[in-house]
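Novice:
There are 2 protein chains.
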Amino acid sequence: MAPIAITPPLNIEPTVSELTAQGIQHALSKSAPSHQKSHNGLVAKVAQLDASLLTTALTTSPRSVPDMGSAEMASQKVCTDHMIQAQWSEERGWEAPSLQPYGPLSLMPTSSCLHYATQCFEGMKLYRGHDGKLRLFRPQLNCKRMLMSTTRIALPGFQPEELLKLIVKLCATDGPKWLPKDRPGAFLYIRPAMIGTDFALGVQRPREALLFVMLTCFAPMDDIPGGVKLLASQDDMCRAWPGGFGYAKVGANYGPSLVAQGEAREKGFHQILWLFGDDCVITEAGASNFFVVWRAKEDGRLQVVTADLNEKIVLDGVTRRSTLELLRTRLSSTSATAIRDGLEPVEVVERKFTMLEIEEAHREGRLVEAFAAGTAWFIAPVGHIQFRGRDLQIDIGADGLGGQYTARVKTWLKNIMLGEGDGIGNEWGVVVDES
Amino acid sequence: MAPIAITPPLNIEPTVSELTAQGIQHALSKSAPSHQKSHNGLVAKVAQLDASLLTTALTTSPRSVPDMGSAEMASQKVCTDHMIQAQWSEERGWEAPSLQPYGPLSLMPTSSCLHYATQCFEGMKLYRGHDGKLRLFRPQLNCKRMLMSTTRIALPGFQPEELLKLIVKLCATDGPKWLPKDRPGAFLYIRPAMIGTDFALGVQRPREALLFVMLTCFAPMDDIPGGVKLLASQDDMCRAWPGGFGYAKVGANYGPSLVAQGEAREKGFHQILWLFGDDCVITEAGASNFFVVWRAKEDGRLQVVTADLNEKIVLDGVTRRSTLELLRTRLSSTSATAIRDGLEPVEVVERKFTMLEIEEAHREGRLVEAFAAGTAWFIAPVGHIQFRGRDLQIDIGADGLGGQYTARVKTWLKNIMLGEGDGIGNEWGVVVDES
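Protein chains in written order, with my numbering: chain E, 6 to 440; chain V, 6 to 440.
1. Is the Cβ-Cβ distance between GLY407 (chain V) and GLU374 (chain V) less than 9 Å?
2. Out of curiosity, what's the CA-to-CA distance linking ALA76 (chain E) and GLN409 (chain E)?
3. At a CB distance below 7 Å, what residues from the segment 101-130 of chain V approach chain E? Give them in sequence order.
4. Could you give the distance in angstroms between the alpha-carbon of ARG371 (chain E) and the alpha-carbon of TRP299 (chain E)?
5. Looking only at C-alpha atoms, which of E:PHE383, E:VAL354, E:LYS302, E:GLY322 sits nearest to SER337 (chain E)?
6. Can you confirm whether THR64 (chain V), when its beta carbon is compared against all beta carbons of chain E, has any partner nearer than 9 Å?
7. Using CA atoms only, rank isn't needed, just tell me which of E:ARG157, E:GLN164, E:LEU175, E:ILE200 is closest to SER111 (chain E).
8. Just checking: is the beta-carbon of ASP240 (chain V) within a distance shorter than 9 Å of some beta-carbon in chain E?
9. From which residue to which residue does the alpha helix (DSSP H) around GLU364 (chain V) run?
10. Identify, in the order they occur along the chain, each residue of the same chain with its Cβ nearer than 6 Å to the Cβ of VAL436 (chain V), setting aside the five sequence neighbours on each side.
11. Strictly below 8 Å CB to CB, what residues from chain A border THR178 (chain E)?
12. Run the CB neighbour count on ASP227 (chain V), radius 10 Å, all protein chains shown included, and call it buried at 16 or more, exposed below.
13. Taking Cβ to Cβ, would you say PRO189 (chain E) is nearer than 9 Å to PHE383 (chain E)?
14. Going by DSSP, what residues sit across from THR221 (chain E) in a beta bridge?
15. Give every residue of the same chain whose Cβ lies closer than 6 Å to the Cβ of PRO165 (chain E), excluding the five residues on either side of it in the sequence, and list them in chain order.
16. Using the beta-carbon count (16 or more within 10 Å), is LEU15 (chain E) buried or exposed?
17. Only counting the same chain, and skipping five residues up and downstream in sequence, which positions put a Cβ closer than 6 Å to that of GLY426 (chain E)?
18. Taking 9 Å as the CB-CB cut-off, is GLN398 (chain V) touching chain E?
19. Hey, is LYS186 (chain V)'s beta-carbon within less than 9 Å of any beta-carbon in chain E?
20. Can you check whether the C-beta of PRO211 (chain V) is within less than 9 Å of a C-beta belonging to chain E?
21. Taking the DSSP output, what are the residues bridged to GLU355 (chain V)?
22. Can you tell me where the beta strand (DSSP E) with ASP396 (chain V) in it begins and where it stops?
23. Roughly how far, in whole angstroms, is the beta-carbon of ASN294 (chain V) from the beta-carbon of GLY251 (chain V), given that I think they are within contact range, below 8 Å?
24. Below 8 Å on C-beta distance, what does PRO247 (chain E) contact in chain V?
25. At the level of alpha carbons, what is the spacing between GLY134 (chain V) and ALA191 (chain V)?
26. Quick one, which of E:GLU167, E:GLY248, E:GLN266 has its alpha-carbon nearest ILE318 (chain E)'s?
27. Step through the CB atoms of chain V and report whether any lies within less than 9 Å of the CB of LEU263 (chain E).
28. Between GLN30 (chain V) and chain E, is the shortest Cβ-Cβ distance under 9 Å, so that the two count as touching?
29. Out of E:LYS302, E:THR334, E:LEU314, which one is the CA nearest neighbour of ARG455 (chain E)?
30. Just confirm the distance between the C-beta atoms of ALA214 (chain V) and LEU160 (chain V), as a whole number of angstroms; I'd bet it's less than 8 Å.
31. Can you check which of these residues, V:GLN276, V:LEU33, V:LEU220, is closest to PHE163 (chain V) by C-alpha distance?
32. Hey, does ILE158 (chain V) have any beta-carbon neighbour from chain E nearer than 9 Å?
33. Of the residues V:GLU362, V:PHE217, V:LYS234, which one's Cα is nearest the Cα of VAL310 (chain V)?
34. Taking one C-beta from the segment 96-103 of chain E and one from the segment 54-62 of chain E each time, how about it: are there three or more such pairs within less than 8 Å?
35. Give me the Cβ distance between MET422 (chain V) and PHE392 (chain V), rounded to the nearest whole Å; I'm assuming they're in contact under 8 Å.
36. Whole-angstrom Cβ separation of PHE126 (chain E) and PRO211 (chain E), contact assumed at under 8 Å?
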């Protein structure tokens with residue numbers, strides 16, 4: 006394989022939402038080196054991640070596929086027959102990736118990922134469409150975000166399209182069996198991850214790493230009776246901070262949230278609504294983005310509001326981004342969809358907003374709907390928020406599937422994922438060739 | 006083993022520095038449950054960590070001990086012959102721990118520790134004294150802090166003295182060979198760690214965990230020619246924040262710091278001096294505590310200053326704590342040591358202090374010394390700080406081993422660790438029985 010020359014750092018600092026070609030080059034240049042100074046001072050180029058070098062070793066002991074709705078399916082413990090692995094080292098760069106039977110990793114106890122959280126991941130889904138086709142949903146965005154995350158956590162860079170090719174190969178291998186055509190609407194959860202595998206305890210950039218991808222059975226999480234119940238975080242708890250890493254899908258954002266999450270669950274809530282600062286700024290709901298639909302205080306206009314990404318304390322979610330884009334296109338004041346369906350147009354707002362504003366809107370009867378958006382939860386209506394001991398009940402519609410805007414977004418997205426989309430966004434569903 | 010009844014949560018919120026019996030009970034009660042509601046609603050107690058159940062399987066392929074000063078010794082990649090492992094599950098509690106040959110861990114790719122940073126660790130050393138004895142330094146403090154860390158990261162609790170017994174057993178097994186008596190002053194680095202081993206991708210408290218302890222060869226890091234060079238963190242970087250987890254020894258504090266650390270190293274610095282907030286409050290130097298010796302602006306009194314622990318963004322270091330205690334005892338205005346050695350007494354101050362204050366003291370000729378303190382670096386004189394492009398040179402003594410106060414603290418501690426202490430603090434060295 007021809008080593009790729011790396012462009013020197015550009016004089017820009019792209020945000021995670023700027024997943025442009027320039028942003029990727031910048032991230033590649035900032036991530037763990039894919040070039041290496043040799044002893045004579047010359048730069049020796051090392052191998053890039055290259056999906057065309059994939060080796061394949063199929064399993065000889067295939068697993069059985071759990072029944073739909075079974076406890077096994079819901080356990081999140083069942084993976085498919087195969088996984089992708091690719092090893093990286095500072096000296097040699099990326100080795101040829103492999104598609105191999107799913108099974109345990111052998112890691113030295115000193116591995117960097119076990120002590121210093123040199124780890125990041127992505128969450129995606131593979132859908133069996135109503136038209137019988139397998140689809141990914143905007144997978145390019147996940148692969149680009151994975152590069153942003155590896156860059157933030159000092160793990161090696163790669164060309165996102167190479168990761169995508171590896172994911173597609175794994176989906177094409179295990180999809181036909183694990184998402185049979187008689188299960189339209191079913192999905193598998195795709196987990197790409199990268200970990201630092203250096204076996205030296207010095208606190209430093211990993212000099213060895215492992216990329217791996219697996220497919221897991223996952224039950225739907227978006228149909229919670231009564232809607233999602235959120236407990237607003239207490240003033241002494243904080244998920245992310247400006248200058249930190251809240252925008253990246255790194256392990257370090259998750260483990261430290263589990264104590265608060267566990268306490269919330271013991272009290273009957275599903276997740277924490279993470280607030281930031283004395284102003285109680287809204288950031289995320291659990292590990293999902295959070296949206297409200299309300300009428301603006303000033304003039305009663307209908308608005309969909311979610312946290313902006315400016316301070317980099319909120320994840321640039323693919324579901325979040327898609328929701329915003331669909332709403333802007335389909336429910337703006339000039340949208341044909343809005344006019345055809347008789348829906349009141351909405352203004353889409355990304356800004357800093359606070360729990361105090363939500364409470365005020367609720368008190369004044371202006372809070373219309375709320376929902377969490379993410380790959381795992383999909384679009385999940387929020388029915389209840391507890392904040393400083395006060396309880397807000399929020400409408401989730403007569404059927405419990407969400408108010409009309411929440412339900413509409415969910416239907417649009419589901420249709421795209423399952424091959425029934427029409428119009429804008431339909432190209433977001435990427436068909437996986439099973440032949 | 007008799008299951009131990011767990012006291013219900015006490016109405017206190019101990020800080021990590023309050024490692025009292027009450028604090029331990031509280032942490033145990035808050036950590037992942039060691040009791041478990043059964044289906045009939047009764048509380049079933051599960052097994053506690055119990056060092057008396059240790060099983061032993063010695064290696065049949067012993068490794069060779071690297072030479073002092075060899076590259077192998079400095080690589081931080083050589084572990085001793087054995088390790089401790091103990092498994093925990095929510096249902097059964099702690100299994101019997103084992104002392105077994107050092108070797109790789111087999112982890113499912115879905116393990117919680119690889120995705121959600123459910124991991125924490127400790128850093129300690131085992132010293133070969135000049136009197137021929139093996140010693141640990143205040144190991145009780147590390148074991149208690151480990152419990153604080155497991156509690157913060159949603160991993161299971163344990164009685165700290167049981168962990169200490171396991172560490173002592175491992176040291177007694179491998180210490181005689183790996184720290185031979187003809188190497189007085191040599192040490193091994195001890196790394197206890199705990200990881201979440203749940204193989205399910207749901208973001209939740211781990212229901213399975215693994216405790217392990219290993220011993221690693223490590224070169225001294227406290228004799229850096231010219232002293233440690235620190236690069237003050239930029240305004241857009243933040244290591245820890247109030248409501249976060251900066252006080253705990255969890256992996257999530259380390260990985261996210263590696264990019265900044267790597268950039269600092271490329272510029273010729275050893276570590277980042279982590280500042281917090283617009284005021285540039287001093288927190289930590291790399292992964293060590295940071296001290297300055299200066300003359301107070303008001304009256305010229307000599308002071309040793311380090312960050313307080315109030316906001317829980319700074320690690321309650323064992324070396325930090327010991328330094329403070331020794332200085333308070335030995336160099337107060339009434340101290341016999343100070344009088345005998347003709348040293349000017351110092352006032353010991355734990356408070357919020359800023360880089361701007363350090364810069365002012367430096368400008369006004371009041372900055373006397375600075376040093377980093379931690380287990381890995383021990384007491385390392387700081388000779389240079391770069392802050393917003395401005396360079397501060399700090400005296401590290403004629404021999405480069407630190408100014409007189411830095412050098413004095415280092416000598417006191419080393420003497421305790423190597424069995425040559427006198428007076429207060431001598432009991433901090435805990436002898437490991439090799440018989």
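Where a beta carbon is used, it is the ideal one built from N, C-alpha and C, also for glycine.
Specialist: In short:
1. Cβ distance < 9 Å, so GLY407 (chain V) and GLU374 (chain V) count as in contact.
2. Taking the straight line from one Cα to the other gives about 31 Å.
3. Taken in chain order, the members of the segment 101-130 of chain V whose beta-carbon sits within less than 7 Å of a beta-carbon on chain E are PRO109, LEU110, SER111, LEU112, MET113, PRO114, THR115, CYS118, LEU119, HIS120, TYR121, ALA122, THR123, GLN124, PHE126.
4. Straight-line Cα distance between these residues: approximately 5 Å.
5. Ranking E:PHE383, E:VAL354, E:LYS302, E:GLY322 by Cα distance to SER337 (chain E) puts E:VAL354 first.
6. So no, THR64 (chain V) is outside the interface.
7. When each option's Cα is compared against that of SER111 (chain E), the closest is E:ILE200.
8. Taking Cβ atoms only, chain E reaches closer than 9 Å to ASP240 (chain V), which makes this a yes.
9. That run of the alpha helix (DSSP H) goes 360-368.
10. Once the five neighbours on either side are set aside, the close Cβ partners of VAL436 (chain V) are LYS138, ARG140.
11. Chain labels in this structure do not include chain A; the protein chains are E and V.
12. By the neighbour-count rule (16 or more Cβ atoms within 10 Å), ASP227 (chain V) is buried.
13. Using a Cβ distance threshold of 9 Å, PRO189 (chain E) and PHE383 (chain E) do not count as a contacting pair.
14. THR221 (chain E) is bridged to E:CYS84, E:TYR194.
15. Within the same chain, PRO165 (chain E) has close Cβ partners CYS148, LYS149, LEU152.
16. Because LEU15 (chain E) sits at a pLDDT of 29, beneath the cut-off of 50, its placement in the model cannot be relied upon, and the following sentence gives the value as read from the coordinates. In the assembly as shown, LEU15 (chain E) is an exposed residue. Its beta-carbon has fewer than 16 other beta-carbons within 10 Å.
17. Listed in chain order, the non-local C-beta contacts of GLY426 (chain E) below 6 Å within the same chain comprise ASN420, local neighbours out to five positions each way being set aside.
18. With 9 Å as the cut-off, GLN398 (chain V) does not count as an interface residue toward chain E.
19. So, not an interface residue.
20. Using a CB distance cut-off of 9 Å, PRO211 (chain V) counts as an interface residue toward chain E.
21. Beta-bridge pairing by DSSP links GLU355 (chain V) to V:THR311.
22. In this chain, the beta strand (DSSP E) harbouring ASP396 (chain V) covers 395-398.
23. 12 Å between Cβ atoms; not a contact.
24. Result: ASP241, CYS243.
25. The alpha-carbon separation between GLY134 (chain V) and ALA191 (chain V) amounts to approximately 8 Å.
26. When only C-alpha atoms are compared, the closest one is E:GLY248.
27. With 9 Å as the cut-off, LEU263 (chain E) counts as an interface residue toward chain V.
28. Not one chain E Cβ lies under 9 Å of GLN30 (chain V).
29. Because chain E here runs from 6 to 440, residue 455 (chain E) falls outside it and cannot be looked at.
30. So it is a contact: roughly 5 Å between Cβ atoms.
31. The option with the nearest alpha carbon to PHE163 (chain V) is V:LEU33.
32. Chain E, which has a Cβ nearer than 9 Å to the Cβ of ILE158 (chain V), makes this yes.
33. The option with the nearest alpha carbon to VAL310 (chain V) is V:GLU362.
34. Note that the segment 96-103 of chain E touches the segment 54-62 of chain E; at least 3 beta-carbon pairs, one per stretch, sit closer than 8 Å.
35. Contact flag wrong, Cβ pair sits at about 33 Å.
36. The C-beta distance from PHE126 (chain E) to PRO211 (chain E) rounds to 15 Å, too long to fall under 8 Å, and the pair is not in contact.
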